[in-house]
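Yeah, the sequence shown ends on 250 if you go by the numbering used here, and it's all consecutive.
Note that beta-carbon positions come from the ideal geometry of N, C-alpha and C, so glycine has one too.
Predicted model, so just to flag it, every value in this text is computed and none were measured.
Working notes for the structure below.
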Amino acid sequence: MLREKYRKTIVKLGYAFYESHDNLVNVKRIWYYYNGKWLPGVIGYAKFIRKKKVREEALEDFVKIFTHAQIMGVGTGRAAGFGYAIIEVKKEDSTRKEKSN
């Protein structure tokens, strides 16, 4: 993915997904000591929900960006063991039926 398209895609992704309210509980800031300095780190997991009007291409770009993050490492803490990213894509259950009374 070209650098300019990468930047635009990052901005678009900010509008393409809702963050789960659980992220406030599941993601925690921690401090670790590395190279003579205390640095902030993040541990936990985050859930993002795709907005219904978002094209399938946006989801594919999201997966590409996270795959790149997983391969290259994320942030300055990767040498200290941080910076691991995993993405799981769960399809919506289209077989659900609404109950009528």
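Residue i CB to nearest heavy atom of the ligand NAP below 7 Å
i, result
"S169", "In the structure on display, the ligand NAP does not appear, and there are no ligands present to speak of."
Closest by C-alpha distance to residue i, when choosing among the options
i, options, result
"Y194", "T216, Q219 and N175", "N175"
"L162", "M221, S169, G190 and I214", "I214"
"L173", "G190, K196 and F166", "K196"
"Y167", "K239, V238 and I198", "I198"
"W180", "D171, S169, I192 and H170", "I192"
DSSP beta-bridge partners of residue i
i, result
"L173", "In DSSP, L173 forms no bridge with anything."
"I179", "G190"
"I198", "Y167"
Start-to-end residues for the alpha helix (DSSP H) that takes in residue i
i, result
"G163", "R152 to A165"
"I214", "E205 to M221"
Original post:
Pairing CB atoms from the segment 151-158 with CB atoms from the segment 198-205, are three or more of them under 8 Å?
Top reply: no
**OP:** Take every Cβ of the segment 179-195, pair it with every Cβ of the segment 205-219, and state whether three or more of those distances are shorter than 8 Å.
**Re:** no
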